[in-house]
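In what follows, a single structure is set out as structure tokens and then discussed.
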Amino acid sequence: MKKIKDTDYLYLSAYLQAKSARRNESAEDKAAAFRELSSLAPDPQIVDFFRLKYDYHNAKVYLKSVAAGEDNSRLFLPLGRCAPAVLTEACRTEDYRSLPAEFAAALKESSETLGRTSDPRLADFILDRAYVKEMKDTAEKTRSDFLLGYAALQADALNLRALVRMLKSGVRPEQLKSVLTDCGSVRCAAISSAYPDAAAVMSLYKSTKLSPSLGDAEKAVKGEGFAPFERAVRSCLDGYMEKAKYACFGENVLIRYLYQIEEQST
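Numbering (the working numbering), first residue to last: 11 to 276.
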């Protein structure tokens, strides 16, 4: 496939710089923005990269609704690649062919795990690992080094969040495999060797872009609260994306705009 050049984004870059992602837009207006950008972007897979989050969010909403016997459909966000109604019907009928293949496989596995164990946490672990794996796969398809770096950072963040909780609650080492992903810059083998020594685990992340969050991570492990650590991780993600704001044209202008939509939908 011919590599898309920055100059292919000249029109879209100018269009987005004249427009800003407005905080008060409804979810429906933001869904319309995703559709518009998919039609305008030289590589619509960049748009899909940012829509993945909402597919997996909606999957969790549906499975938690099933587990609790409640209707939480008000929590669906119409911003993913799949309409919530399509996702719901696929799960209800156990026919996942209408969904993207990787997402369908993860949703099927998590649904079956929930039915077998009645443990929503195990279903969430499956979806979280599949989410960062699909982020990585989609970034590779776009051939964007910037998106690949962001996908790896998200995977590192997923693992570090999980490790903080596991270290705090004293989870056994043999349970690591069911929780962690190998899509980040810190490999699971290294984590397994360091766990459950909290200092050794944290040292693995000193050379990553999550390094500024480690002080709060250590406090969270000691029971001093998870919220400051979560804010520190979010700050690291924001810091990575800040680099995109210096682009005058090219894919990073689109990436930055999509990230702003994502932030305002969280």
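Using N, Cα and C, we set each Cβ at its ideal position, and we do this for glycine too.
Between F239 and Y106, what straight-line distance do the alpha-carbon atoms span, to the nearest angstrom?
The alpha-carbon atoms of F239 and Y106 are separated by roughly 37 Å.
Quick check: the Cα distance between V71 and F86, rounded to an integer number of angstroms?
The straight-line gap from Cα to Cα measures roughly 7 Å.
By Cβ distance below 6 Å, which residues in the same chain neighbour N82 in space, the five residues on each side in sequence not counted?
Same-chain partners within the cutoff: V71, S75.
Among residues of its own chain, excluding the 5 on either side of G235, which ones have a beta-carbon nearer than 6 Å to its beta-carbon?
Correct list: empty, nothing qualifies.
Less than 8 Å between the C-beta atoms of Y64 and L137, yes or no?
No, they are not a contact pair.
Does the pairing of the stretch 210 to 218 with the stretch 148 to 155 give three or more beta-carbon distances under 8 Å?
No, the stretch 210 to 218 is not in contact with the stretch 148 to 155.
Just curious, the alpha helix (DSSP H) that F59 is in, first and last residue?
It spans 55 to 78 - the alpha helix (DSSP H) in which F59 sits, taken as one unbroken run.
Starting from G260, trace the alpha helix (DSSP H) both ways and give me its first and last residue.
No alpha helix (DSSP H) contains G260, which DSSP labels as neither H nor E.
Is DSSP giving P238 helix, strand or coil here?
Looking at P238 - three-state DSSP - the assignment turns out to be helix.
Answer yes or no: do F59 and A149 have a C-beta to C-beta separation smaller than 8 Å?
In contact: F59 and A149 (Cβ atoms closer than 8 Å).
May I have the straight-line CA-CA distance separating A140 from Q55, to the nearest angstrom?
Cα to Cα, A140 sits roughly 17 Å from Q55.
Does the Cβ-Cβ distance between V211 and D166 come in under 8 Å?
Cβ distance not < 8 Å, so V211 and D166 don't count as in contact.
Label K40 either buried or exposed according to how many other C-beta atoms from any shown protein chain fall within 10 Å of its C-beta, with 16 as the threshold for buried.
Burial call: buried.
Which same chain residues end up closer than 7 Å to Q164 when comparing Cβ atoms and leaving out the 5 residues on each side of it in sequence?
Hits under 7 Å: V142, M145.
Tell me, to the nearest whole angstrom, how far the beta carbon of V57 is from that of L47; I am working on the premise that it is less than 8 Å.
Correct: roughly 5 Å between the Cβ atoms.
Please list the terminal residues of the continuous alpha helix (DSSP H) segment that includes S195.
Per DSSP, S195 belongs to no alpha helix (DSSP H) and is neither H nor E.
Among T191, C193, L264, V243, whose alpha-carbon lies nearest the alpha-carbon of I52?
The residue you asked about is not Ile; residue 52 is Pro in the sequence shown. Looking at the Cα atoms, L264 is the closest of the given residues.
Answer yes or no: do K162 and C193 have a C-beta to C-beta separation smaller than 8 Å?
It should be noted that the sequence gives Ala, not Lys, for residue 162. Their beta carbons are under 8 Å apart, which means A162 touches C193 by this criterion.
Nearest to L50 by CA position, among E38, R266, L26, is which residue?
Closest by alpha carbon: L26.
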